[in-house]
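Student: Structure incoming, see below.
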Amino acid sequence: DAGVIQSPRHEVTEMGQEVTLRCKPISGHNSLFWYRQTMMRGLELLIYFNNNVPIDDSGMPEDRFSAKMPNASFSTLKIQPSEPRDSAVYFCASRAPGQHTGELFFGEGSRLTVL
Amino acid sequence: AQSVAQPEDQVNVAEGNPLTVKCTYSVSGNPYLFWYVQYPNRGLQFLLKYITGDNLVKGSYGFEAEFNKSQTSFHLKKPSALVSDSALYFCAVRATRMDSSYKLIFGSGTRLLVRP
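Protein chains in written order, with the working numbering: chain A, 341 to 455; chain B, 9 to 124.
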């Protein structure tokens with residue numbers, strides 16, 4: 341299996357621009373998570389989907405952030421407009437069905453720099 | 009609220025020596041506990057987990073962890089460190105109670121540096 345695939349790996353943009361991060365979970369996995377990693381705040385859970393439905397988005401920082409999962413094999417995290425404080429590494433992770441005790445499988449991350 | 013603490017920002021150890029990376033947790037009910045490792049510019053990789061059963065859990069790459077309920081700890085250990093073990097290690101916890109959050113909460117991470 342190819343694992344969790346994220347794109348782009350690196351994104352440099354200017355403040356105010358729209359940013360879209362993409363994630364393809366492992367085939368057959370039905371839970372998908374978006375995390376953000378920064379030096380100051382560590383790993384933060386932004387949003388969690390189960391069977392394509394957002395279950396908890398309480399970690400989404402503000403209305404500038406939105407996430408969608410139109411089907412079982414694709415999810416996006418969008419920031420509009422972007423700000424310098426959004427600079428971070430964004431990770432997508434997926435988990436197999438019926439595995440609420442199971443491990444998460446992480447992608448390689450998307451490193452976002454907002455100038 | 010559930011939380012996990014990794015009291016050491018960095019652990020330094022000589023190759024061949026045993027290593028311990030500390031983790032303590034706070035959770036309602038019984039915990040699910042995990043260790044992940046992150047190499048530079050990579051995503052997190054699962055090492056091991058404790059759900060129930062034996063307090064000593066064995067995982068990938070020769071790592072093991074000991075669950076101690078009375079001390080609410082889940083320290084990561086390895087009998088003989090390798091230079092290639094140098095990485096960032098994260099402890100994570102999830103509550104088992106259905107009225108608690110399903111969320112997997114990560115610690116702040118501990119950087120392990122193994123010197124030759």
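Backbone N, C-alpha and C fix where the C-beta goes; we use that ideal spot for every residue, glycine too.
#1: Flag this pair as touching only if the stretch 397-414 of chain A and the stretch 10-29 of chain B have three or more C-beta atom pairs under 8 Å; answer yes or no.
#2: Closest to residue 52 of chain B by CA distance: which of B:98, B:28, B:123 is it?
#3: Give the interface partners of residue 11 of chain B over in chain A, defined as CB-CB distance under 7 Å, in chain order.
#4: In whole angstroms, give me the CA-to-CA distance for residue 86 of chain B and residue 26 of chain B.
#5: Is there at least one Cβ from chain B nearer than 8 Å to residue 414 of chain A's Cβ?
#6: Taking contact to mean at least 3 C-beta pairs separated by less than 8 Å, is the stretch 363-379 of chain A in contact with the stretch 433-444 of chain A?
#7: With 8 Å as the threshold, decide whether the Cβ of residue 40 of chain B is near any Cβ in chain A.
#8: Would you list the one or two residues that DSSP bridges to residue 42 of chain B?
#9: Between A:422, A:421, A:407, which has its C-alpha nearest residue 415 of chain A's C-alpha?
#10: Is the CB-CB distance between residue 428 of chain A and residue 452 of chain A below 8 Å?
#11: Nearest by alpha-carbon distance to residue 75 of chain B: which of B:36, B:41, B:23, B:69 is it?
#12: Shortest alpha-carbon distance to residue 89 of chain B belongs to which of B:59, B:73, B:124, B:45?
#13: Are the C-beta of residue 389 of chain A and some C-beta of chain B separated by less than 8 Å?
#14: If you check the beta carbons only, do residue 96 of chain B and residue 46 of chain B fall under 8 Å apart?
#15: Quick check: the Cα distance between residue 102 of chain B and residue 445 of chain A, rounded to an integer number of angstroms?
#16: Considering only the alpha carbon of each residue, which of A:355, A:358, A:362 lies closest to residue 346 of chain A?
#17: For residue 113 of chain B, I'd like the list of residues in its chain whose CB is within less than 8 Å of its CB, leaving aside the five on either flank, ordered along the chain.
#18: Would the beta-carbon of residue 353 of chain A fall within 8 Å of that of residue 422 of chain A?
#19: Establish whether the CB of residue 356 of chain A and some CB of chain B are separated by less than 8 Å.
Tutor: Taking the structure as given:
#1: no
#2: Start at 1 with the first residue of the second sequence, and residue 52 of chain B comes out as number 44. Among B:98, B:28, B:123, the Cα nearest to that of residue 52 of chain B belongs to B:98.
#3: Locating residue 11 of chain B in the second sequence gives position 3, counting from the first residue. Those do not exist, as residue 11 of chain B stays about 12 Å from chain A at its closest Cβ, beyond 7 Å.
#4: Stepping through the second sequence from its first residue, residue 86 of chain B is reached at position 78. Stepping through the second sequence from its first residue, residue 26 of chain B is reached at position 18. So the alpha carbons of these two residues sit roughly 6 Å apart.
#5: Locating residue 414 of chain A in the first sequence gives position 74, where the first residue counts as 1. By this cut-off, residue 414 of chain A is not an interface position.
#6: yes
#7: For the purposes of this step, residue 40 of chain B is taken as residue 32 along the second sequence, with counting starting at 1. So, interface residue.
#8: Here residue 42 of chain B refers to the residue found at position 34 of the second sequence. B:57, B:100.
#9: Within the first sequence, residue 415 of chain A is the residue found at index 75, counting from 1. Residue 415 of chain A has its Cα closest to that of A:407, out of A:422, A:421, A:407.
#10: Here residue 428 of chain A is taken as the residue at index 88 of the first sequence, counted from 1. Here residue 452 of chain A is taken as the residue at index 112 of the first sequence, counted from 1. Going by C-beta atoms, residue 428 of chain A is nearer than 8 Å to residue 452 of chain A.
#11: Looking up residue 75 of chain B in the second sequence gives position 67. It is B:41.
#12: Locating residue 89 of chain B in the second sequence gives position 81, counting from the first residue. Relative to the Cα of residue 89 of chain B, the nearest Cα in the group B:59, B:73, B:124, B:45 belongs to B:124.
#13: Counted from its first residue, the first sequence places residue 389 of chain A at position 49. Chain B, which has no Cβ nearer than 8 Å to the Cβ of residue 389 of chain A, makes this no.
#14: Counting from one through the second sequence, the residue named residue 96 of chain B turns up at place 88. Counting from one through the second sequence, the residue named residue 46 of chain B turns up at place 38. Taking 8 Å as the Cβ cut-off, residue 96 of chain B and residue 46 of chain B qualify as a contacting pair.
#15: Here the question's residue 102 of chain B lines up with position 94 in the second sequence. Here the question's residue 445 of chain A lines up with position 105 in the first sequence. Going by C-alpha positions, residue 102 of chain B is about 16 Å away from residue 445 of chain A.
#16: By 1-based counting over the first sequence, the position of residue 346 of chain A is 6. Per the Cα distances, A:362.
#17: Walking along the second sequence from the start, residue 113 of chain B turns up at place 105. 10, 11, 12, 100, 101, 102.
#18: Within the first sequence, the letter at position 13 stands for residue 353 of chain A. Within the first sequence, the letter at position 82 stands for residue 422 of chain A. Yes; because the gap between Cβ atoms is below 8 Å, this pair is in contact.
#19: Reading the first sequence from its first residue, position 16 is the one you call residue 356 of chain A. It does not; no Cβ of chain B falls within 8 Å.
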